[in-house]
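Undergrad: Residue numbers (this note's numbering): 1 to 283.
This structure is in structure tokens; I'll ask about it shortly.
Okay, here's the thing in structure tokens:
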């Protein structure tokens, strides 16, 4: 019985109705599942899988990894995993939990077919709250292209710059929407993330991430105009007007936000920190 057949049998046997609000769409191409696990290089390592589903990745991971922590929020799917898919494995710890509300253990590698509806908060939680060396994530293709894009391109944006402060990333492979059941509306892509220190100085990470987030709401504006907009209307930050004449920022002020490199955003946030005005204090 191949993976697609097994998935359909389990869905029928346990009367599973894939829940759209949880982004449930099960990988059913066995060749793709095996390739993802191969690319993840998990032999004898400790792995965290986010969203075990019906075990398309969990089982091949368990056959190679030292230990697998498999997180699944759906109680019915946890029941199926315990009774059917994982009953022969003693190196899988199945955890029934919402990953976004759960504190995961430290691991070597994170693997996930990421539900589209929680992709962005999941990525930021992995970046800021989780301890691991490498992640291999299957994401909506459009999102994967944004993460791995270059400055000035259409896909370049907040996620590209924000995640670059935590990871190097590269596109590994594309996955057709026909490889999932139920079939989603779009294709997917597998992205590898390697944890590393940022290759540029970031004095205040919270300020950096907040600035990137809001500046990309003005992506087509020159930095000078974008800064005035986001600090006066969108951010709870106040800047001393002297920042606009700081010689260190002169080379950036007339560039469009979309053309700034990740290292540029870091440098800009470091300079801006010197000009933040505390509440009640006037410039």
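Every residue gets a Cβ at the ideal spot worked out from N, C-alpha and C, and that includes glycine.
If I measure Cβ to Cβ from residue 64 and keep anything under 7 Å in the same chain, skipping five residues before and after, which residues do I get?
TA: In the chain shown, counting from the first residue as 1, residue 64 sits at position 64. Here the set comprises 37, 42, 43.
Undergrad: Can you give the Cα-Cα distance for residue 66 and residue 89, rounded to whole angstroms?
TA: As a first step, residue 66 must be located in the chain shown, where it is residue number 66. As a first step, residue 89 must be located in the chain shown, where it is residue number 89. Rounded to whole angstroms, residue 66 to residue 89 spans 11 Å at the Cα level.
Undergrad: According to DSSP, which residues form a beta bridge with residue 228?
TA: Taking the first residue of the chain shown as position 1, residue 228 is located at position 228. None; residue 228 has no bridge partner.
Undergrad: Measuring straight from C-alpha to C-alpha, what distance separates residue 69 and residue 114?
TA: By 1-based counting over the chain shown, the position of residue 69 is 69. By 1-based counting over the chain shown, the position of residue 114 is 114. Rounded to the nearest angstrom, the two C-alpha atoms are 16 Å apart.
Undergrad: Please name the residue in 105, 124, 137 whose C-alpha comes closest to that of residue 111.
TA: For the purposes of this step, residue 111 is taken as the residue at position 111 of the chain shown. Looking at the Cα atoms, 137 is the closest of the given residues.
Undergrad: Tell me whether the beta-carbon of residue 29 lies closer than 7 Å to the beta-carbon of residue 264.
TA: As a working mapping, residue 29 is identified with position 29 in the chain shown. As a working mapping, residue 264 is identified with position 264 in the chain shown. Cβ atoms of residue 29 and residue 264: not closer than 7 Å.
Undergrad: Return the chain-ordered list of same chain residues with a C-beta closer than 6 Å to the C-beta of residue 270, the five sequence neighbours on each side being excluded.
TA: Within the chain shown, the letter at position 270 stands for residue 270. Once the five neighbours on either side are set aside, the close Cβ partners of residue 270 are 203.
Undergrad: Roughly how many whole angstroms lie between the Cα atoms of residue 34 and residue 85?
TA: By 1-based counting over the chain shown, the position of residue 34 is 34. By 1-based counting over the chain shown, the position of residue 85 is 85. Rounded to whole angstroms, residue 34 to residue 85 spans 16 Å at the Cα level.
Undergrad: When you compare each of 16, 157, 117, 273 to residue 79 by their alpha carbons, which one comes out closest?
TA: The residue given as residue 79 occupies position 79 in the chain shown. Nearest of 16, 157, 117, 273 to residue 79, Cα basis: 16.
Undergrad: Tell me the residue span of the alpha helix (DSSP H) that contains residue 112.
TA: Indexing the chain shown from 1 puts residue 112 at position 112. Looking at the DSSP string, residue 112 is not in any alpha helix (DSSP H); the run it does join, the beta strand (DSSP E), is 109-113.
Undergrad: Per DSSP, residue 188 forms a beta bridge with which residues?
TA: Within the chain shown, numbered from 1, the residue matching residue 188 stands at position 188. Residue 188 is bridged to 140, 175.
Undergrad: Could you say which of 195, 191, 232, 163 lies nearest to residue 206 if we only look at CA atoms?
TA: In the chain shown, residue 206 corresponds to position 206, counting from 1. Closest by alpha carbon: 163.
Undergrad: Given that a residue counts as buried once 16 or more other Cβ atoms are within 10 Å of its Cβ, and exposed if not, what is residue 106?
TA: As a working note, residue 106 is residue 106 in the chain shown. So residue 106 ends up on the exposed side.
Undergrad: Between which two residues does the alpha helix (DSSP H) harbouring residue 268 extend?
TA: As a working note, residue 268 is residue 268 in the chain shown. 262-273 is the extent of the alpha helix (DSSP H) around residue 268.
Undergrad: Once the 5 residues before and after residue 131 are set aside, which same chain residues still bring their CB inside 6 Å of it?
TA: Within the chain shown, residue 131 is the residue found at index 131, counting from 1. Contacts found: 106.
Undergrad: Assess contact between the stretch 4-19 and the stretch 149-157, defined as three or more Cβ pairs (one per stretch) separated by less than 8 Å. Is contact present?
TA: Counting C-beta pairs closer than 8 Å gives fewer than three between the stretch 4-19 and the stretch 149-157, which falls short of the contact rule.
Undergrad: Going by Cα to Cα distance, which pick from 53, 32, 128, 147 is closest to residue 26?
TA: If you number the chain shown from 1, residue 26 lands on position 26. Nearest C-alpha to residue 26: 53.
Undergrad: Whose C-beta lies closer than 8 Å to the C-beta of residue 283 among residues of the same chain, with five residues either side of it excluded?
TA: For the purposes of this step, residue 283 is taken as the residue at position 283 of the chain shown. Here the model assigns residue 283 a pLDDT of 42, short of 50, so the residue's position is not dependable and the matter cannot be decided.
Undergrad: Would you kindly work out how many angstroms separate the C-alpha atoms of residue 96 and residue 76, rounded to a whole number?
TA: Here residue 96 is taken as the residue at index 96 of the chain shown, counted from 1. Here residue 76 is taken as the residue at index 76 of the chain shown, counted from 1. For residue 96 and residue 76, the distance between alpha carbons rounds to 10 Å.
Undergrad: Could you tell me whether any Cβ in chain D is nearer than 7 Å to the Cβ of residue 32?
TA: No chain D appears in this structure, which consists of one protein chain only.
Undergrad: Identify whether residue 195 lies in helix, strand or coil by the three-state DSSP scheme.
TA: What you label residue 195 is simply residue 195 of the chain shown in a count that begins at 1. Strand, per DSSP.
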